[in-house]
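I have placed the structure first, in the form of structure tokens, so that the comments after it can refer back to it.
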Amino acid sequence: MYRTPSLAAFTAAAFLALAPPGQTRPATDHATLLVVNQGDHDLSFIDPASGKQTLAVDVGGITGHEVVATPDGRTALVPVYGSAGVGKPGTDGQLVTVVDLKQRKVSGTIDFGHGVRPHCAVFDKHRNVIYITTELDQSISIVNPDTLKIIGSIPTGQAQSHMLALSHDGRFGYTANVGPGTVSVLDLNAKKVVTVIPISGETQRISISNDDKKVFTADQKKPQLAVIDTASNKIEGWIPLPAIGYGTAPTQDGRWLLVALRTTHQVAVVDLQSSKVVRTIDVPDTPTEILIRPDGKVAYVSCGSKVAAIDLGTWAVTGLIQAGKNADGLAWAR
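Numbering (the working numbering), first residue to last: 127 to 460.
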């Protein structure tokens with residue numbers, strides 16, 4: 127297994143080196159990287175070309191964790207989870223903060239009417255809706271992005287349905303249910319649970335392969351990833367990790383899976399052909415979420431108060447972006 131050298135100091139010039147001199151950067155032109163900062167209760171607007179924060183908008187409440195941007199680039203939604211860790215005592219959030227991305231200010235809220243601990247928000251392009259995990263209702267709620275109204279829900283059949291991944295064909299959703307240590311498979315057309323898959327004593331985060339054949343979730347009791355076969359909805363196997371895994375993201379070519387290793391401050395690169403970790407990349411403290419840029423060339427990783435930019439051609443950290451305290455959820459807005 128190859129390990130990259132320790133992090134050095136990075137400059138704006140190094141960050142801009144992601145694009146050849148004199149060439150435009152179509153993947154970043156007029157685009158914004160959004161970062162939810164739990165500790166500061168705000169949403170960072172990052173200029174991906176310069177690698178600098180241009181603005182932070184107070185999203186109110188304690189505390190937003192995740193963010194989704196509508197494809198038209200008009201609106202971002204930040205569910206306000208509450209003051210607790212998942213499954214732990216604390217306040218129960220019931221609001222989603224709505225941010226106008228053009229005006230760059232809060233434009234309203236969505237109110238569930240009672241405490242639900244809303245968390246992960248995902249856009250479904252097939253139905254033009256936004257799904258939001260609502261843990262205390264053991265469901266994902268359905269929001270119309272045009273009217274910003276709650277128009278339905280899908281039960282998960284499990285507590286602590288924290289994160290959600292959608293199949294690219296629009297047929298299924300998969301929730302990582304933290305405390306139960308399970309994954310719920312949801313039929314998005316029928317709006318019902320297909321099955322619940324036992325994983326471990328506790329599981330975290332979830333992603334799906336680009337061909338929709340495998341789902342990945344991280345065991346929180348052992349340093350390993352569960353690999354779910356979506357045809358049988360059963361665990362196909364396990365991928366050993368150097369440390370307990372957290373957020374995951376497949377690269378666009380389908381060859382690699384990136385895994386955040388929070389305790390060792392690294393990102394592991396898994397070869398999906400061999401199901402083995404082939405290298406680790408040092409990043410700042412507590413890597414949490416990984417977002418692949420739309421052009422497939424860069425991975426952004428939220429780490430403490432920074433976001434690391436990893437060049438997926440060289441596997442090198444080419445920039446460190448200053449965000450806010452406890453940077454967490456990431457989204458790309460056009």
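Cβ atoms here follow ideal geometry from the backbone N, Cα and C, with glycine treated the same way.
It is roughly 10 Å from the alpha-carbon of V311 to the alpha-carbon of G283.
Between Q264 and the set H245, D379, D397, the nearest pair of CA atoms involves H245.
Following the DSSP letters along the chain, one finds K178 inside the beta strand (DSSP E) bounded by residues 178-184. Going by C-alpha positions, G327 is about 9 Å away from K348. Across the set L159, Q164, L160, the C-alpha of Q164 shows the shortest separation from the C-alpha of N452. The closest CA to that of I256, considering only V222, K423, F171, is found on V222.
Between V248 and L203, the gap from beta carbon to beta carbon reaches 7 Å or more. With the rule of 3 Cβ pairs closer than 8 Å, the region 208-223 counts as touching the region 184-199. CA-to-CA, the gap between I416 and A442 works out to about 15 Å. Taking a C-beta distance under 7 Å as the contact criterion, T308 and V319 do not qualify as a contact pair. Cβ contact annotation for T389 (same chain, cutoff 7 Å, sequence separation greater than five): A369, I370, in chain order.
Counting every other CB atom within 10 Å of its CB across the protein chains shown gives I277 a total below 16, marking it as exposed. Going by DSSP, T282 is part of no beta strand (DSSP E) at all; its letter is neither H nor E. With contacts defined as CB atoms closer than 7 Å, P366 and S335 fail to qualify as a contacting pair. For the 7 Å CB-CB criterion, H288 and V212 form a contact. Taking 7 Å as the cut-off, the Cβ atoms of T273 and I266 do not count as close. Following the DSSP letters along the chain, one finds G363 inside the beta strand (DSSP E) bounded by residues 360-366.
Under DSSP, the beta-bridge partners assigned to T321 are V311. A straight line joining the alpha-carbon of G241 with that of V433 spans about 31 Å.
A195 has its alpha-carbon roughly 18 Å from the corresponding atom of A425.
For D411, the secondary structure class from DSSP, reduced to helix, strand or coil, is coil. In the DSSP assignment, K231 falls within the beta strand (DSSP E) that extends over 231-237.
When secondary structure is reduced to three states using DSSP, D345 falls in the strand class.
L227 sits in coil when the DSSP states are folded into three classes, being neither helix nor strand. Taken through DSSP and simplified to helix, strand or coil, L384 comes out as strand. Within a 10 Å sphere around the beta-carbon of V393 sit 16 or more other beta-carbons, which makes this residue buried.
Going by DSSP, P244 is part of the beta strand (DSSP E) stretching over 244-250. Secondary structure note for H288: its beta strand (DSSP E) is the uninterrupted segment 287-292. Going by C-alpha positions, L160 is about 20 Å away from S333. DSSP places L262 in the helix class (H, G or I) of the three-state scheme. Distance between D437 and V193, taken at the CA atoms: about 23 Å.
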